[in-house]
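Below is one structure, written out as structure tokens, with a few remarks after it.
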Amino acid sequence: MLYLEYHRGTLTSQSRNKRNNRKGEVLLHDAEFLAAFAALATGAAYPRETLQQAWELLCLNQFHDILPGSSIHAVYVDSEADYAKLFDLGESVRESALAALACALPAGTAVLAANTTSFGGRRIGLLDGSLTAGVGLAGPDNAALVTQAVTGGTLIEIPDMAPYSIMPLTEVTTQADGVGSRAATAVRDHNQLVLENAVLRVEIDPAGEISRVFDKQHSREVLPSGAKANALLAFEDRPLNFDAWDVDIFYEDRTEAVGGLESIAITETGPLRAAVQIKRRYRSSVIVQSVYLYADSRRIDFDTWIDWHEHHTLLKVAFPVDVLSPVATFDVQWGNVQRPTHRNTPWDIARF
170 MLYLEYHRGT LTSQSRNKRN NRKGEVLLHD AEFLAAFAAL ATGAAYPRET
220 LQQAWELLCL NQFHDILPGS SIHAVYVDSE ADYAKLFDLG ESVRESALAA
270 LACALPAGTA VLAANTTSFG GRRIGLLDGS LTAGVGLAGP DNAALVTQAV
320 TGGTLIEIPD MAPYSIMPLT EVTTQADGVG SRAATAVRDH NQLVLENAVL
370 RVEIDPAGEI SRVFDKQHSR EVLPSGAKAN ALLAFEDRPL NFDAWDVDIF
420 YEDRTEAVGG LESIAITETG PLRAAVQIKR RYRSSVIVQS VYLYADSRRI
470 DFDTWIDWHE HHTLLKVAFP VDVLSPVATF DVQWGNVQRP THRNTPWDIA
520 RF
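Position one of the sequence shown corresponds to residue 170 (this note's numbering), numbered consecutively onward.
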């Protein structure tokens, strides 16, 4: 793979447009799978023309210079309208397929769970709305599933779900409480908030930064001594040429820690997930983070919402770890990419 030592700014310019592109890719992937499944399982008509129209809109907006973020303003007005139409088309296909599948399910089915990914095993889904008190859900084996009421709905744990599959869930009168060592907890410990499950302990300091991650399974600290993770940093971004196209390496010379903490609070704790919400104000912008720790999980999830009004400013977040590895692996649309964790050579330096 050749690395172009230029135009690095196109990886982040017009972030709303890039987000819409990724949402469109995920939506059409899921819609295609569900439509194909419904056609095979129920004989429902496959919406080929609708999907083709949606994919053509998506591919059109991946064209240079739309997706790189280097077009004029009028292009993004049109692109926003295209994405709105694409979402309508994709959602109509998805909902029609789910409706066809629901009609063919066994009597008594209350919820249809769908795994539209190629990954099987334990899955946690979010059901819109809440369950009736004293009522839970069960899978095909009639064993009660662990659930947890959260903001925006109900989490449901399915212990084992096959890749690219659907599963009918039925109501049961006894709801699994999921208490015990599997629970994810969030508590206040003196001046810190602590997220904890069976494998990790995560401590968040009064500034909203992670001061400690302790790996219980390996009895070791994950962060270097004295380091903080989830450290938001702002950088002056004034490249020599082409604001939308370039980020130059000297952007690192002018760094500002993002403070402005407005609130930090525990928002969830339970058998499946614990959460802390952190709200900040930086200049004219607002940053709201939800930090999640799931039961039994070695992963810490961050859901970050940003209302950004700054110019010539890059926002990044630092996660230093005490792990010896020459590379770090990052996800991209259909796989992953590895980047060096050091700057030992000129080509390492170029990939800042």
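Positions of the beta carbon are idealized from the N, C-alpha and C atoms, including for glycine.
Given the structure is predicted, the values throughout are model-derived calculations rather than measurements.
Exposure of residue i, with buried meaning 16 or more beta-carbon neighbours within 10 Å
i: Phe206; result: buried
i: Val492; result: exposed
i: Thr179; result: buried
i: Val262; result: buried
i: Tyr172; result: exposed
i: Gly377; result: buried
i: Glu264; result: exposed
i: Ala223; result: buried
i: Leu462; result: buried
i: Pro489; result: exposed
i: Ala352; result: buried
Beta-carbon contacts of residue i that lie in its chain and below 7 Å, excluding the five residues immediately before and after
i: Pro275; result: Pro337
i: Gly349; result: Caution is warranted here: a pLDDT of 44 is assigned to Gly349, below 50, making its placement in the model unreliable, and the coordinate value is therefore given only provisionally. So no residue of the chain qualifies.
i: Glu421; result: Phe404
Close beta carbons around residue i, own chain, < 8 Å, minus the five adjacent residues each side
i: Asp251; result: Leu226, Leu229 and Asn230
i: Leu409; result: Asp415 and Asp417
i: Asp374; result: Asn360, Gln361, Ser380 and Lys397
Secondary structure of residue i, DSSP reduced to three states
i: Gly504; result: strand
i: Leu171; result: coil
i: Trp516; result: helix
i: Gln222; result: helix
i: His176; result: coil
i: Asp476; result: strand
i: Ala367; result: coil
i: Arg357; result: strand
i: Asp491; result: coil
i: Arg423; result: coil
i: Ile235; result: coil
Host beta strand (DSSP E) of residue i (start-end)
i: Val383; result: According to the sequence displayed, residue 383 carries Phe and not Val. Taken as a continuous stretch (DSSP letters only), the beta strand (DSSP E) holding Phe383 covers Ile379 to Asp384.
i: Ala307; result: Gly305 to Ala307
i: Tyr463; result: Ser454 to Tyr463
i: Lys397; result: Careful: Lys397 lies outside any beta strand (DSSP E) and carries neither H nor E.
i: Arg263; result: Note, Arg263: premise wrong, no beta strand (DSSP E); alpha helix (DSSP H) at His242 to Cys272.
i: Leu300; result: No beta strand (DSSP E) holds Leu300; DSSP gives it neither H nor E.
Residue interval of the alpha helix (DSSP H) (run including residue i)
i: Thr113; result: Look at the range of the chain in this structure, 170 to 521, and you will see that residue 113 is not part of it.
Neighbourhood of residue i by C-beta, 6 Å cutoff - its chain only, sequence neighbours within 5 removed
i: Gly347; result: Confidence is the limiting factor: at Gly347 the pLDDT is only 49, short of 50, which leaves the residue's position unreliable, though a coordinate-based value still follows. The residues are Val315 and Pro440.
Segment contact flag, the segment 212-222 with the segment 233-247, C-beta cutoff 8 Å, min 3 pairs: In this structure the segment 212-222 does not touch the segment 233-247; the number of beta carbon pairs closer than 8 Å is below three.
How about the segment 189-197 and the segment 317-329: do they share at least three Cβ pairs that are nearer than 8 Å? Judged by Cβ distances under 8 Å, the segment 189-197 makes no contact with the segment 317-329, as fewer than three pairs qualify.
The segment 359-372 / the segment 478-495 touching (three or more Cβ pairs under 8 Å): Note that the segment 359-372 does not touch the segment 478-495; fewer than 3 beta-carbon pairs, one per stretch, sit closer than 8 Å.
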